[in-house]
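Read in order, the letters of the sequence shown correspond to residues 6 to 373 in the working numbering.
In this text, a Cβ means the ideal position worked out from N, Cα and C, and glycines have one as well.
Just so you know, these numbers come straight off a predicted model, no measurement behind them.
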Amino acid sequence: MLSRMLTLFGFFALVLVLIYWINNAVQLFDRLIADGQSTLVFLEFSALSLPAVILRILPIAAFAAALYATDRLAADSELVVVQATGFSPFRLARPAMAYALITALFTAVLANYLVPTSLKIYYQRITEVSESLTARLFTEGEFQTPVDGVTVFIRDVTPQGELVDIFVSDARDPEVRHTYTASRAYLVRNEDRPQLVMIDGMAQSLRLGNDSLLVTQFDDFSYDLSAFVTGNPSRTIKVEELTTSALLKADADLSAATGLTIERLTYLGHERIALSGLTIAACMIGFATLLLGGFSRFGVWRQMVFAVFLIILVKLVDSAAISLSAQYPQAWALAYVPSLFGFVIVWVLLSLSGRPFSLGALLRRQST
6 MLSRMLTLFG FFALVLVLIY WINNAVQLFD RLIADGQSTL VFLEFSALSL PAVILRILPI
66 AAFAAALYAT DRLAADSELV VVQATGFSPF RLARPAMAYA LITALFTAVL ANYLVPTSLK
126 IYYQRITEVS ESLTARLFTE GEFQTPVDGV TVFIRDVTPQ GELVDIFVSD ARDPEVRHTY
186 TASRAYLVRN EDRPQLVMID GMAQSLRLGN DSLLVTQFDD FSYDLSAFVT GNPSRTIKVE
246 ELTTSALLKA DADLSAATGL TIERLTYLGH ERIALSGLTI AACMIGFATL LLGGFSRFGV
306 WRQMVFAVFL IILVKLVDSA AISLSAQYPQ AWALAYVPSL FGFVIVWVLL SLSGRPFSLG
366 ALLRRQST
């Protein structure tokens, strides 16, 4: 039973990951290729986003595998034979529990280590790609228009990255037209924003209302390039890239960096830990629900529908816990309520399936 569940789990996980990943990969491919990135960059970003995709579909795949494997055992009368030998529902649940613990281990590793690590690298690479995109906007010997109203010309780019003889015309302001010329310039970052530092040049400001011209000589001048890059190139800390231990030990500095309260960060840390419990509950619900029905040539579709209903019910409890946590962020114990609710459902299902005068017996009579 354990071997069959793990095999089906691998199959369902592969199929669901491919479906979800292809949907995201198409959008990612269009965005990166349109920005001039290579296929290798696309593959790198796809690999970095894959752990988050797997984590999202893993509980669904675990539930589907447990449900389908148990359905096959029931359809082949294997469950009926084993139950006839005197095995109690709780004894039958041992391999299913082992399977649930294995999938919960996968979930814990993904949620607490792989996903934060991969997303941290992912966001860092986004910043680096934004910088390289800004650099590619300047091609030597050509007049270019990175954004509407701005024209740039560079005579030469040295191997050291120095821009030689640069001309910038900024006509985005309808009242004032700015023109900058410099003998050399450099692309740098200042406070996580791309800047063009021009050396030994001149700034001309033409006011179109009264045709007045203001000319200023400068030794160095910084020109903001953030508008040249799609999106915000600034690098800020995101909750998804933080480790679980960092969330549980959140302090005032981390709260200021993420914009969330310490209580909210702590709750998010406990939510990651509780995700493994939800995976166990999903696996066991898929198994225990089908024990309520005996052999039937019409199958156990009623029990399967009931199992899906129970999963939806657990998800509703999870949504309610998330909503309450927004109102009471200090109540981090709410993160474990959906898992506990799922465990109670599993215990009730296993208890009912072992009693002759119970809901389990009623479903057996209906199915036969």
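CA nearest to the CA of residue i, picked from the options
i	options	result
A176	Y104, E167, V157	V157
I65	V319, S250, F50	V319
W26	R61, G291, A71, V173	R61
Y333	H183, E245, L270, V114	L270
L273	K254, I171, A262	K254
P151	I126, L230, S210	L230
L297	A286, F311, A287	F311
M6	T112, T75, E147	T75
V155	V87, I350, R96, T184	T184
Start-to-end residues for the beta strand (DSSP E) that takes in residue i
i	result
V155	155 to 162
T221	217 to 229
L168	168 to 175
Cβ-based burial, residue i [other Cβ within 10 Å; buried from 16]
i	result
L354	buried
Q129	exposed
S358	buried
P94	buried
V173	buried
N117	buried
F314	exposed
L219	exposed
A2	Any question about residue 2 goes unanswered here, given that the chain covers just 6 to 373.
Cα-Cα separation, residue i to residue j
i	j	result
L119	T248	9 Å
I327	A336	11 Å
V162	I204	14 Å
P164	L201	17 Å
S217	L192	31 Å
S123	A67	23 Å
Q149	G264	38 Å
A331	A325	10 Å
T90	A79	15 Å
P121	D224	44 Å
L329	D323	10 Å
Where the alpha helix (DSSP H) through residue i begins and ends
i	result
S324	306 to 332
L110	94 to 114
Y73	44 to 80
D258	257 to 263
M6	Premise fails: M6 is in no alpha helix (DSSP H) and is neither H nor E.
V349	342 to 358
I393	Within the shown structure, residues of the chain are numbered from 6 to 373, placing residue 393 beyond reach of any answer.
A89	83 to 89
A251	249 to 253
Proximity test, Cβ basis, 8 Å: residue i and chain D
i	result
Y127	Considering every chain present, this structure includes no chain D. It has just one protein chain.
- Query: Quick one: any contact between the stretch 92 to 109 and the stretch 11 to 28, if contact means 3 or more CB pairs under 8 Å?
  - Reply: yes
- Touching or not, the stretch 269 to 284 and the stretch 337 to 350, by the rule of three or more beta carbon pairs under 8 Å? yes
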